[in-house]
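A short write-up of the structure that comes next.
Chains as they are written, first to last, in this note's numbering: chain E, 1 to 580; chain C, 1 to 603.
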C-alpha cells in the first residue's frame, strides 16, 4: 500500500487523464441511476394520464441519457487506459534505467531472475491494477453511494434495512479480501514450485535421462502438482464463498425491506411502488459492492508487485562517481593494489585479504591458485564491478574511485569466464567492444582470437545471426567471440578470466602469440588453472584462500613457492617425465 | 527457433504468443474439445452434480422475482399481513437455498476443473520425460514452459468459470424467454430483437481489437525477451559500458509497447459501455412500446415492470456470454498447443522385445557410424572402433569435432543415422533404454544441479543410498573438503542451476553423483575442466580406483590426464583421424603429436 503511494507521483504527468477517467465514469453511472427514475415517470405520469406526447418526450430523454452514458463510458475507458499505460510505461522506463545503473553488488542482491520478473510481470500487475482502479473501482462505489442516496431521499422509511445490511456487507468483504491475500500467496508458492521443477527438468533433461530418473521425476512432479491442486482448492473454497454470501445478505435485506414495507403499507404510510424501487436499488447496490470487492482483491494482489518495484527504484547504488571524475583519453595500465580487503556479504567473511601488488604498463600478469581462492574476485575489482571494503586501487596513479566509470571501463578489455553473447549478428556483438569498428578491425580481432576460421566457414560470415544465449554456437566458438569482442577495443588493460576453458591447446597458443604481437604495450591479466597458459607471464600471482601467497616469475616461483611447485608437479611432472 | 538456419526475424520475440502467430483460434476445435472431455469425464460424478446444481440455482434465481411480484400483488396490496409473513419466510428459505446451491455449483465446477488440469499437467510433464533430446533441441524452454503454465492455466480459468456460466446463462435465458412470452408476445419479440444487435457489435469490436491485441502481444514478447537477455548478460553490459545503448533500445521497444498497449486497452474498454448502451436502448424500446400498448389497452403497467426486471436478468448474462466465448476460444487454442506436445512421438523407444540388462561386461563397438542432427550436415563420419571390457578410452580433438556426440550416441540420447553400436556384442537398440542408461555413468560437460540440498543432489546418482554412502562418494570425488566447510555442510541448499557454487565445485558434485551411481561403464566428458589442477590430481586418484576393471571414456582438453589411456581416439571434423596409445601417437608425429606439443611448448 505504502509502496503504491510512492509510485503515485508517476501519475502526475497524466493526472488529467486519471481525473477524466473517473469523471466520465461518474457520467455513465449517473445516467444508469437516472434511467429507473425516467421509466418510473413514463409509467406513473405518461401512461396514467394517457399522455402520448409526454411518453415520447421522456422516451427521447431516455435515449439521450443512454447515449450520454455511452460517451461517458467509452471516454472513461480511453482515459483510464491512457493514464494506466503511460503510468506503467514510464515506471518501466525508469526501472530499466535504474537497473542499468546497478553495480554488480546491487544486481547480486536481487538476482537477475527476480529483476526480470520485476520489469515484466510486476509492471503488468500494477498496470492492470490501475486501469481497474480508474474504471471498475470507481464505478462500483459510485453505484453503491448513488443508490444509498436515492434510497435515503425516496424510500427513507426502508432506510433502517440498509443501515443494518451495509456494515455486514462491508465486514464480509473486508474479511474475505484479507483472507484471499494469504491463501493466494500459498497458491503462488506452490505454483513457483511447479515452475521451478519444470524449468529444472527442461534445463537438466540430459542429467535426468543419463541417470534414468524419469519415473522419479514424474513422482516428484506428481507430489508438487497435487500440492498445487490442494492449495488451489482450499483457496477457491474460501474465495467462492464470498459471492453467495453477499447475495444472501442482500436477499435477506430484500425480505426485511418487504416486511417493513408491508407493515408501513398496512398502516397506510407507504406506496407499494417504493418497495419496488427499494428492491431495484438494493440490487444495484450489491452489484456495485461486489464488483468493487472483486476488483479490490485484484488490486491487493498487485501491492507486493508495487513493493518490489519501489525496492528496485529505491536501491542505493553503491558504486558512484565523484563530483569531478577523471576521464582519461587513454588507460596505460600501471596498476597498484594497496592493502585491499573485499567481501561479498559484508559480514566480515573476506574473499580477498590484504592484497598489495604493483603492475607496470605492458606487463603480463598470470594469476593461479585453487578453485575459490579469489582469482576472479580480484580482477573484478579492476573495472570497478565491486568496490573494495578497505584499501585502495590505483590505475596510472589515480585512485579508481576518482575515474569516471565509463572512462575507466572503456580502457579495459574484459573476457569473462562465461562467454555471454547477445542475440544479433556476430558483427553487432563485436561492435559491442567498439561502436565504430570497421570490417578490418573485426577481421583482425577475430584473427587474434582465432575465431576467423569458424567465421569464414559460416555462410553469412560476420552477419551470421546468433540466437538468444548464442545456442547456435559451440562453447569454444562463444569464447573466441567473447575474446574478439575484448580485443577489438585495443584496451590498455586486458583481462582474461579463465576464458579459454573450451578452447583446444593449439588455438590457445595461437591466441597467446597473437596477443604478444598485437598488444605489446597492453597490461594483460590471465587467470588460469593451467600453468602452461601463464608460464611466460612477467609476474605470476599465486593465490590461496583470498591471499597472495607468492609472486614472481615462473622460475622464481619454482624455487621459492611450495604451492606453485605443487601445482607445477601435478601439471607438468608427468609430461616432462614422459618426454624424457 | 533455435535452428541456426532459420533466424528469428522478430529477433527477441520469444513470448508464447509470438511463437504461434496471430491466430488464437484452435485449428481443430472439435477434436480438441473431445480430448478435453476425455479428461473431464474422469470427474463424471462431480460434473453431473455440478450441472444439477447449476440447474437448481438458476431455477431458484428465477423464482425469487416471481415470488416478490406475487407477494406484492396478492398479499401486500390486499393488506394480508400474516399471509405476507408466511410468504416472506418462504422467500427467505428460497434465498438461503439459492445461496447454498450457488456455492455448491461453483465449488464443484472448480473442483472438476482443477482436477482436470492436474491430470493434464501431469500427463504433459510425463510426456516431456519420454521425449528424446531431439525434441528439446527443436523447442525453446520458454515455449515449453508456457504450455505447461500459461496454456493450462487459461484452460483452468475457462473450465472453472465459463463452462458453468455458459450453462447457467443458457438456462436463465430460456427461462426468461418462456416467462416473457407467456406475459406478452409482442414485448417478448421486442426484447429478443436486441440480441442480434448486441452480438453483432461485440463481434465487430472484437474483430477490430484483435489486431491491436496481436500487436501488443508481439511487442510484449519482444520486450520480455530483451529484458531477459540484457539483465542476465548484465555484467557484460556494464563492462563494455553499453548501459546507454541498452537504455535506448529498451526505450524504443517500451514506446512501441506503450502505443500498442494503449490501443488494445482502449478498444477493449469499449465493449462494456457499448453493451451497456445497447442494454439501455433495449429497455427504452420496451418501455416506449409498452407504454403505447398500455395506452391502447393492450397490456398493463405490471407487465411492463416485470419485463424491465426480466430483461435486466436477460441481457447481462448475454453480454458476458461473448467474453466467455472468447475466453473459451483462447483456452481451446491453448489446450491444442498442449495436445500438440502430447502427440509428439518419442523417437527413442524400447524395441518391442527389448532385453533388460543385469550387468554389462563393457565391450563397446562402433561400426561405421554416421550421424547428423538434421539429416543434412554430417556430424560424425564412419566412426569405427572397438573397446575391450575394462579399457580406458580417451577422446581428444578440437572443439566441435564431435567427441560429445559420440558419447550422446552411446547413451542413446540420439540414434545413429547409419551404422551400429554394439554393447557386449549386442546392438544397443536391442536393450531397454532405461537399463542401458542405468548401467552407464556420465559426468556431463555442463554440470547441472537441481535445487535442493547437496546431499540430495549427490544422492540423485543412487536414490536409495544412505547418508554415509553419499559422504563416501563425496570424499572420493574430493568434494567432501569444500562441503564440510560450508555453514550447512551437506544440507546446504543449492539454488536453481547451482549458481551459488563455483563451476569447479559443481563439477566435483557431479563427479560424486556419478561415483555414487556405481555403473559398469563410466564416461567423463570434460568433467574436470574447471577444477584446479591440485584438486584434479586428487580426483584422478579416486577416479583411477573407480575405473579399474570398468570400461571408461574420457574426453579431455588437458592431454596429460589421458596419457595412460589404453586407447586414444583423435577426432577431427567428425572423423577418427588417429588412434592408438600415447607413445604410438607421439611417434607418429601427426595431429595428436602437434596438439600435445603445443600444450607442452606453452609449458
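All C-beta atoms, glycine included, are put in the ideal place defined by N, C-alpha and C.
query                                                                                                                    : result
Classification of residue 21 of chain C by the beta-carbon crowding that lies within 10 angstroms, buried from 16 upward : Confidence in residue 21 of chain C is poor, its pLDDT being 32 and thus under 50, which makes the residue's placement unreliable; the coordinate value appears in the next sentence. The residue in question, residue 21 of chain C, is exposed, as its Cβ has fewer than 16 Cβ neighbours within 10 Å.
Sequence-distant residues of its chain with Cβ nearer than 7 Å to residue 424 of chain C (five each side left out)       : 360, 361, 363
Beta-carbon gap between residue 582 of chain C and residue 563 of chain C smaller than 8 Å                               : yes
Rounded Cβ spacing between residue 215 of chain C and residue 260 of chain C (contact assumed at less than 8 Å)          : 4 Å
Buried/exposed call for residue 152 of chain E, threshold 16 Cβ in 10 Å                                                  : exposed
Beta carbon proximity, residue 492 of chain E to chain C, threshold 8 Å                                                  : no
Where the beta strand (DSSP E) containing residue 543 of chain E begins and where it ends                                : 539–544
Candidates C:218, C:318, C:385, of which the one nearest residue 553 of chain C by Cα                                    : C:385
For residue 470 of chain E, the three-state DSSP class (helix, strand or coil)                                           : helix
DSSP-derived helix/strand/coil call for residue 554 of chain E                                                           : helix
Rounded distance between the beta-carbons of residue 236 of chain C and residue 377 of chain E, thought under 8 Å        : Not quite, the Cβ-Cβ distance comes to about 17 Å (not below 8 Å), so this is no contact.
Residue-chain proximity (residue 386 of chain E, chain C), Cβ-Cβ < 8 Å                                                   : no
Residues of the stretch 235–264 of chain E whose Cβ lies closer than 8 Å to any Cβ of chain C, in chain order            : 236, 237, 240, 241, 243, 244, 245, 247, 248, 251, 252, 254, 255, 258, 259, 261, 262, 263
Helix, strand or coil at residue 3 of chain E [DSSP, three-state]                                                        : helix
Contact residues within the stretch 325–349 of chain E, judged by C-beta distance below 7 Å to chain C                   : none
Under 8 Å between C-beta atoms of residue 525 of chain C and residue 571 of chain C                                      : no
Within-8 Å CB hit, residue 476 of chain E to chain C                                                                     : yes
Residue nearest to residue 488 of chain C in terms of C-alpha spacing, selected from C:478, C:452, C:518                 : C:452
Cβ pair residue 367 of chain C, residue 400 of chain C closer than 8 Å                                                   : no
Span of the alpha helix (DSSP H), counted from its first residue to its last, around residue 224 of chain E              : 214–267
Euclidean distance between Cα positions of residue 344 of chain C and residue 131 of chain C                             : 8 Å
For residue 139 of chain C, three-class secondary structure by DSSP                                                      : coil
Pair within 8 Å by beta-carbon distance, residue 431 of chain C and residue 523 of chain C                               : no
Which of helix, strand or coil DSSP assigns to residue 22 of chain C                                                     : For residue 22 of chain C, the pLDDT reaches just 36, beneath the cut-off of 50, and the residue's location in the model is therefore unreliable, leaving the point undetermined.
Secondary structure, beta strand (DSSP E): runs of 3+ residues fully inside the stretch 342–406 of chain C               : 364–371, 380–387, 392–396
Whole-angstrom distance between residue 235 of chain E and residue 187 of chain E, CA atom to CA atom                    : 7 Å
Spatial distance of residue 383 of chain E from residue 369 of chain E (CA atoms)                                        : 21 Å
Separation of residue 208 of chain E from residue 354 of chain C, as counted between CA atoms                            : 21 Å
Sub-8 Å separation of residue 224 of chain C and residue 117 of chain E beta-carbons                                     : no
Strand pairing of residue 338 of chain E, partner residues [DSSP]                                                        : E:392
Interface residues of the stretch 90–107 of chain C facing chain D [CB-CB below 8 Å]                                     : In summary, chain D is missing from the structure at hand, where the protein chains are E and C.
Nearest-angstrom Cα separation, counted from residue 276 of chain E out to residue 80 of chain C                         : 18 Å
Any C-beta of chain E under 8 Å from that of residue 345 of chain C                                                      : no
Residue-level contact to chain E via CB, residue 133 of chain C, 8 Å cutoff                                              : yes
Candidates E:287, E:221, E:270, of which the one nearest residue 251 of chain E by Cα                                    : E:287
Cα-Cα separation between residue 382 of chain C and residue 393 of chain C, rounded to whole angstroms                   : 18 Å
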